[in-house]
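Q:
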Amino acid sequence: MKAGSGDQGSPPCFLRFPRPVRVVSGAEAELKCVVLGEPPPIVVWEKGGQQLAASERLSFPVDGAEHGLLLSGALPTDAGVYVCRARNAAGEAYAAAAVTVLEPPAPEPDPQPAERPLPPPGAGEGAPVFLAGPRSQWVLRGEQVVLTCQVGGLPAPALYWEKDGMALDEVWDSGHFLLEPGRAESGPGVSLALRILAARLPDSGVYVCHARNAHGHAQAGALLQVHQPPESPPEDPDEAPKPVVEPLKCAPKTFWVNEGKHAKFRCYVMGKPEPEIEWHWEGRPLLSDRRRLMYRDRDGGFVLKVLYCQAKDRGLYVCAARNSAGQTLSAVQLHVKEPRLRFTRPLQDVEGREHGIVVLECKVPNSRIPTAWFREDQRLLPCRKYEQIEEGAVRRLIIHRLKADDDGVYLCEMRGRVRTVANVTVKGPILKRLPRKLDVLEGENAVLLVETQDAGVEGRWSRDGEDLPAICQSSSGRMHALVLPGVTREDAGEVTFSLGNSRTTTLLRVKCVKHSPPGPPVLAEMFKGQKNTVLLTWKPPEPAPETPFIYRLERQEVGSEDWIQCFSIEKAGAVEVPGDCVPSEGDYRFRVCTVSEHGRSPHVVFHGTAHLVPTARLVAGLEDVQVYDGEDAVFSLDLSTIIQGTWFLNGEELKSNEAEGQVEPGALRYRIEQKGPQHRLLLQAVRHQHSGALVGFSCPGVQDSAALTIQESPVHILSPQGKESLTFTTSERVVLTCELSRVDFPACWYKDGQEVEESESLLVKTDGRKHRLILPAAEVRDSGEFECRTEGISAFFSVTVQDPPVHILDPQEHVFVHAITSECVMLTCEVDREDAPVRWYKDGQEVEESDFVVLEKEGPHRRLVLPAAQPADGGEFQCVAGDERAYFTVTITDVSSWIVYPSGKVYVAAVRLERVVLTCELCRPWAEVRWTKDGEEVVESPALLLQKEDTVRRLVLPAVQLEDSGEYLCEIDDESASFTVTVTESYQSQDSSHNNPELCVLLKKPKTRRLWSRFPTWRRTAGAE
35 MKAGSGDQGS
45 PPCFLRFPRP
55 VRVVSGAEAE
65 LKCVVLGEPP
75 PIVVWEKGGQ
85 QLAASERLSF
95 PVDGAEHGLL
105 LSGALPTDAG
115 VYVCRARNAA
125 GEAYAAAAVT
135 VLEPPAPEPD
145 PQPAERPLPP
155 PGAGEGAPVF
165 LAGPRSQWVL
175 RGEQVVLTCQ
185 VGGLPAPALY
195 WEKDGMALDE
205 VWDSGHFLLE
215 PGRAESGPGV
225 SLALRILAAR
235 LPDSGVYVCH
245 ARNAHGHAQA
255 GALLQVHQPP
265 ESPPEDPDEA
275 PKPVVEPLKC
285 APKTFWVNEG
295 KHAKFRCYVM
305 GKPEPEIEWH
315 WEGRPLLSDR
325 RRLMYRDRDG
335 GFVLKVLYCQ
345 AKDRGLYVCA
355 ARNSAGQTLS
365 AVQLHVKEPR
375 LRFTRPLQDV
385 EGREHGIVVL
395 ECKVPNSRIP
405 TAWFREDQRL
415 LPCRKYEQIE
425 EGAVRRLIIH
435 RLKADDDGVY
445 LCEMRGRVRT
455 VANVTVKGPI
465 LKRLPRKLDV
475 LEGENAVLLV
485 ETQDAGVEGR
495 WSRDGEDLPA
505 ICQSSSGRMH
515 ALVLPGVTRE
525 DAGEVTFSLG
535 NSRTTTLLRV
545 KCVKHSPPGP
555 PVLAEMFKGQ
565 KNTVLLTWKP
575 PEPAPETPFI
585 YRLERQEVGS
595 EDWIQCFSIE
605 KAGAVEVPGD
615 CVPSEGDYRF
625 RVCTVSEHGR
635 SPHVVFHGTA
645 HLVPTARLVA
655 GLEDVQVYDG
665 EDAVFSLDLS
675 TIIQGTWFLN
685 GEELKSNEAE
695 GQVEPGALRY
705 RIEQKGPQHR
715 LLLQAVRHQH
725 SGALVGFSCP
735 GVQDSAALTI
745 QESPVHILSP
755 QGKESLTFTT
765 SERVVLTCEL
775 SRVDFPACWY
785 KDGQEVEESE
795 SLLVKTDGRK
805 HRLILPAAEV
815 RDSGEFECRT
825 EGISAFFSVT
835 VQDPPVHILD
845 PQEHVFVHAI
855 TSECVMLTCE
865 VDREDAPVRW
875 YKDGQEVEES
885 DFVVLEKEGP
895 HRRLVLPAAQ
905 PADGGEFQCV
915 AGDERAYFTV
925 TITDVSSWIV
935 YPSGKVYVAA
945 VRLERVVLTC
955 ELCRPWAEVR
965 WTKDGEEVVE
975 SPALLLQKED
985 TVRRLVLPAV
995 QLEDSGEYLC
1005 EIDDESASFT
1015 VTVTESYQSQ
1025 DSSHNNPELC
1035 VLLKKPKTRR
1045 LWSRFPTWRR
1055 TAGAE
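The opening residue of the sequence shown carries number 35 in my numbering; numbering runs sequentially from there.
Here you go:
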C-alpha cells in the first residue's frame, strides 16, 4: 500500500542509548546506540555543537540499526560530551554520553635511602581498612566453613558479622555459628573468624564483615553456597529406588497458564531447625536452569519461576521442606493452555561454539502470518548479527559471531503472542554467564556468579571499564563470585567478567529505598474576622519530619471538584487570605498539607467556608465599533478577575438572564456572553438608525463606555442572492462565481473561515465585476464552506465533492463455497477502482481483521482469507463497495468421514447379463478411491468399468456374469463402502414369503449440484482474481 502525502512515517526513536565511557589515555573508546525510524534516519555524531567527520583515529561503524563511534588512541583533548543526532522526514531525536580520558598512572619514584618507608595500610590512625577479606566458598552439606577477615585502623575497630542483612543473633537458627576474635597474622590489626559447624542448606547466603571505629566504617562480603551431596547408589542393585518425596495425602491445587507465559510458584515454610527446601517435578528433583529459576524473595518465601511455559512443562510441581523434626509438602498441578493456532514445526534447542554461528528454525501454519524474534524479553531486529530469513512458511534466525552473552532463551512469536521457545547454548571458556540485568535495592547486597570451563583460571571483574577491588572478588575451582555489600547508587553500571577474549556482561541497577512522606499538620482552624478576608491557623506535624519541609495551601470553590494551590510557606502559624487571592466571587473551602523531598502528607481540610470577592480592575477597555449596515457589532472588555457586570444601551439596562434578548419587540436583538474575566456584547444585524448608539458596562469598581457607528457599504452583490449549495464528483472542474455591482472592486475568498492561497489546485480570477474561484480537478478534501468577502458583505457557497460511485466487476452472481475444517478459504471481490474502499460483513456484522480473519488488498482485488477455517466460520458473507454488494455463502464441514453415501452395507441382486452399477459418493471431488472384489483389487476392462464424476465414484458391470457375484469394497484411507452382489439366472419370486429382506436392487441416488474449486487441500477460494 502506498503512503499518501500526509503519511510522514515515524520519527527516530532510540532503543538503546550510548553509555558513558572511561578509558586510559592511549586506549580505545567506543560509544554504541540503536535507533529506529521510518524512513531510516540519518545519524551524525557531534561534539561541542560541531559535527564530527571520519579520520584516522575516528570512525563511525554501522550495523543495521546499531550506530557507533570508535575513537582510537584516546587523548585528554578527546574528553567531553558526544551527541548522537538522528533525523528523518518525520522528526529528530538525539542522545548524549560522556567520554572521560584518564591519565596513565605515573611511575613510582625510586625510594630514597634517607626517607622513612611508608607504614602499611591500617597501621596509622584512621578509618578501618580491610587487610584481608572473607572468601566466597562452595561446600557440601555437613562440611565445616570458616570465614575470616583482618582489619587495620586506629583506634582498633569493632568487628561484627551479618548474614543476608541480619545480625547473627537475629538469624533464626544460628546455634552452630561460632565467632573467634584474634589479632592479624602479620602487622597491626584485628581479626574475627566466623566458624559454621556442619553447614546446612539454609546457611547459604551472603556474609558481610563490618568494621567500625571513630573515624568511619568499612565492610567486605563473601558468598556461601551449601549444596546437597550427590546421592549414592543402593547397595542392592535389584532394590527399587526410594521415592524422592512422600506421596501426597490430598489432591494438589490446579494452576493454568497460557503457553508462552510465565508460571510462578511461591512456598512459605517455617520450622526449627530452619527447613531445607527442594523443588520436584513429576517426582524428580529440579535444578535451576535457563527457564527454571529458584530463589528466595525478600519476604522469606521460596519461589520457583517457570519461564515461557510450554506443553512439556505441564505436570505436578512439589515444594518439599524437611528438617530433623519432619517433612512437609506443598504441590500444584500445572496445566498449559495451548493456543488455537500453533506452529507447524516448533523451535529446537541448539548449541554453538563461541565466535561461531547457530541457526534456529521453525515453521508457521501459513506463509502470510508475520513473526517476530526475541531473546528473552528483548526484541531482535534484523542486522548482521541477527540474520532473519523467511522462506514460505519457514522462519529462520541465524546468530553470527556468538558470544557468551548470546547464551539464553530465544522465542519466535506469531500474532496473538503465540510463541515457540528454544535454548541456545554457547560453548566456550565461560559456561554460566551473568544475567542480562540485576536490580538491587540501595543498601542490599549484590552477588554475581560466573562458572568457567576450566578450574583455577583467573578472570577480570570490571565496572564501566574500570577494574573492581580485589577485596570484592573470590574464586574457587571453576566458580567466580563478585560480592558488593551494601550497594549505593555509585555501584550501578555495566559489570563485566572477562576471561581472555571471552566476556559476559550484566547491567547492575540500584533502586532507591522508598521513604515515608511527612505527617499532616494538626489543629487546623478557620477564623472569619474582617470583611472579605479569612484567617487560617495550624500547628506542625507530630512528630516533626527529619528532612526540610514546607506547607502547601489550596482552595476549592463550592460546587467545583478542583483544588487550586494558593501559595506555599515554610513556617506554621497564621495566614490571612484576602479576596484578591481568588479569581471570582464565591464561597471557598481551604486545605493544607506538608511537603518534603520524600512526598506529600494527607490533606487537612479547614472546617467551614468563606465568602470572598475579588477586586476588579480594567485590563482591556471598550473601544468604539464601526460596522457596515446589516453586520453584527461586537463590544468586549477584559477584567482582572471573574465578576458579574451589567451592560447598557443608550442608558437602558440590558437583561442578561437570557441567552438572547431584544431591546423592544421588533427592535435590535443582542446577546450577552461571559468567558472568565472577558465580557462581550453582540448587537445583531445593526441598521443605519442605530448609528451613534452608546454602549456602557458597569461592575463594582469599573465603569466604561463606547459608541457604535454604521458605515455605508460601497458595493453590493448582484449574484448569488442567497447561499448556494453545490455538489461535484472528484476530478470535476469547479467554478464559483460572485458578481459585484462595481468593476474591479477587491474581494477575498475564504474556505471554512480561512483565507485561501492560490496554487495549482486552486485558482482565483477577476474579470470585471465577476470574481471566480476555480478548482481544476476537485478532490474530496476540497469540500467545505466558501465565502467571497468584500467591504461589509459576503456571498456564500456550500461545496460538496464526492467520489464517483464504485462498481463491483466480479463476482456478479451469488458464490457458494464449500470447505472442510482447517482449510484456507479465500473470498475475492474485484472493483473498478484500485483506491475504492470496501467493507466485509458476515451475517450482517462488519468483519474486523484478527488472527483468524485476514483482509487483503491488491490492486482492484479485495480478499477475505480464513487461514484455518472452522465450522463456526461459515455463514453469509458480503463485500460492500458503495451501493453494490457481492454475496458469498461459505459452508465449513467438520469432516468425520470421507464417504457420504452409502452409510451402511448395500445388497444388490441381479440377473445374468444385466447392467449393475455400484455407486459411492464422497465428500470431496478430488479424493481417490480403490475398488476391490473379495479382497483383490479390481482391474478395469470392457467387462468392468470404473467411472469418476465430481464426487461420485462408480463400478459398472455392463453385462454381469454369475462369477461376478461377491463382496465389493470402495476404499479410501481407513474407510470403505461395502456392496454384496448376488447374480442368478433369473429373479427369485418376489411373492415368496421366504424371500431375503436384505436383498434389493440398487436405485440411483438423485444428483445434487455443488460448486467446487479445484485447489490444493489447504485452500478453497471463491470469486475472480
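Ideal Cβ placement from N, Cα and C applies to all residues, glycine included.
1. Which same chain residues, not among the five before or five after Val-173, have their C-beta less than 7 Å away from its C-beta?
2. Select from Ala-915, Ser-856, Tyr-941, Pro-936 the residue whose C-alpha is nearest the C-alpha of Asn-400.
3. Based on the DSSP output, what are the partners of Ser-828 in its beta bridges?
4. From the DSSP secondary-structure annotation, give me the bridge partner or partners of Ile-1065.
5. What did DSSP end up calling Leu-9 once you bin it into helix, strand or coil?
6. Would a C-beta distance cut-off of 9 Å place Trp-783 and Val-729 closer than the cut-off?
7. Give a yes or no on whether the C-beta atoms belonging to Ser-550 and His-637 are separated by under 9 Å.
8. Is it true that the region 444–459 meets the region 386–401, where meeting means three or more beta-carbon pairs spaced less than 8 Å apart?
9. Taking 8 Å as the limit between beta carbons, can you name the residues of its chain near Arg-714, skipping five residues before and five after?
10. DSSP three-state call for Gly-334: helix, strand or coil?
11. Would you report the Cα separation of Cys-913 and Lys-891, rounded to the nearest angstrom?
12. For Asn-122, write down the residues that DSSP places opposite it in a beta bridge.
13. Measuring straight from C-alpha to C-alpha, what distance separates Pro-754 and Glu-746?
14. In this structure, how does DSSP classify Ile-23 when only helix, strand and coil are distinguished?
15. Just how far apart, CA to CA, sit His-645 and Glu-619?
16. Going by DSSP, what residue range makes up the beta strand (DSSP E) through Phe-531?
17. Take His-895 as the anchor and find which of Trp-874, Glu-1005, Thr-923, Thr-862 has the nearest alpha-carbon.
18. Is Gln-723 helix, strand or coil when you go by DSSP?
19. Quick one: what does DSSP say Lys-346 is sitting in, helix, strand or coil?
20. Look at Val-840 and Gly-818 and say whether their C-beta atoms are less than 9 Å apart.
21. Do you know how far the Cα of Arg-379 is from the Cα of Ala-345?
22. Mind reading off the beta-carbon distance from Gly-493 to Leu-533? Whole number of angstroms is fine, and I expect it under 8 Å.
23. Counting only runs that start and end within the region 922–1008, where is the alpha helix (DSSP H) found for 4 or more residues in a row?
24. For Asn-357, which of Gly-390, Arg-91, Pro-309 has the nearest alpha-carbon?
25. Excluding sequence positions up to five away, which residues of its chain have a Cβ less than 8 Å from the Cβ of Lys-371?
26. Using a 10 Å radius around the Cβ and a threshold of 16 neighbouring Cβ atoms, would you call Trp-495 buried or exposed?
27. Can you tell which of Ser-509, Arg-467, Arg-767 has the C-alpha that lies nearest to the C-alpha of Ser-170?
28. State the DSSP-derived secondary structure class of Asn-1029, mapped to helix, strand or coil.
29. In three-state DSSP terms, what is Val-814?
30. Touching or not, the region 442–449 and the region 406–415, by the rule of three or more beta carbon pairs under 8 Å?
31. Please confirm whether Arg-537 and Phe-531 have their CB atoms less than 9 Å apart.
32. Across which residues does DSSP place Gln-904 in a beta bridge pair?
33. Mind checking if Ser-510 is an interface residue toward chain C, Cβ cutoff 9 Å exclusive?
34. Measuring CA to CA, which of Met-513, Ala-161, Leu-320 is closest to Gly-250?
35. Determine the DSSP secondary structure at Asp-112, reduced to helix, strand or coil.
36. Whole-angstrom Cβ separation of Ala-606 and Pro-554, contact assumed at under 8 Å?
A: Per the coordinate set shown:
1. Result list for Val-173: Val-179, Ala-233, Val-260, in chain order.
2. The shortest C-alpha separation from Asn-400 is found at Ser-856.
3. Paired residues: Arg-823.
4. Because the chain here runs from 35 to 1059, residue 1065 falls outside it and cannot be looked at.
5. Examination of residue 9 is not possible in this model, given that the chain is present from 35 through 1059 alone.
6. Remark: C-beta atoms of Trp-783 and Val-729 do not approach each other more closely than 9 Å.
7. Result no, Cβ atoms of Ser-550 and His-637 do not sit closer than 9 Å.
8. They touch, by the three-pair rule.
9. By the criterion of a C-beta distance shorter than 8 Å, Arg-714 is surrounded in its chain by Val-668, Phe-669, Ser-670, Ile-706, Glu-707, Gln-708, once the five residues flanking it on both sides are discounted.
10. In the three-state scheme derived from DSSP, where H, G and I count as helix and E and B as strand, Gly-334 is classed as coil.
11. Spanning the two alpha carbons is a distance of roughly 13 Å.
12. Under DSSP, Asn-122 shares a beta bridge with Gly-125.
13. Going by C-alpha positions, Pro-754 is about 21 Å away from Glu-746.
14. Within the shown structure, residues of the chain are numbered from 35 to 1059, placing residue 23 beyond reach of any answer.
15. The straight-line gap from Cα to Cα measures roughly 7 Å.
16. Looking at the DSSP string, the run of the beta strand (DSSP E) that includes Phe-531 is 527–533.
17. Closest by alpha carbon: Thr-862.
18. The answer is helix: DSSP assigns Gln-723 an H, G or I state.
19. Assignment of Lys-346 by DSSP, reduced to helix, strand and coil, places it in the helix class.
20. In terms of Cβ geometry, Val-840 and Gly-818 do not form a close pair [threshold 9 Å].
21. Cα-Cα distance, rounded: 14 Å.
22. The distance from the Cβ of Gly-493 to that of Leu-533 is about 4 Å, consistent with a contact at the 8 Å cut-off.
23. Counting whole runs of 4 or more residues, the region 922–1008 contains no alpha helix (DSSP H) stretch at all.
24. Here the closest residue by C-alpha is Pro-309.
25. These residues qualify, in order along the chain: Trp-290, Val-291, Asn-292, Glu-293.
26. Counting Cβ neighbours within 10 Å, Trp-495 comes out buried, since at least 16 surround it.
27. Closest option to Ser-170, Cα to Cα, is Ser-509.
28. Its pLDDT being 40, under 50, Asn-1029 is placed unreliably in this model, and the value from its coordinates should be taken loosely. Of the three classes helix, strand and coil, the one that applies to Asn-1029 here is coil, per DSSP.
29. In the structure shown, Val-814 sits in a helix (DSSP, three-state: H, G or I).
30. Inter-segment contact for the region 442–449 and the region 406–415 is present: three or more beta-carbon pairs are separated by less than 8 Å.
31. Closer than 9 Å, so yes.
32. Gln-904 pairs with nothing; no bridge assigned.
33. The structure shown has no chain C; it contains just one protein chain.
34. Of Met-513, Ala-161, Leu-320, the residue nearest in Cα terms is Ala-161.
35. In the structure shown, Asp-112 sits in a helix (DSSP, three-state: H, G or I).
36. About 12 Å separates the two Cβ atoms, so there is no contact after all.
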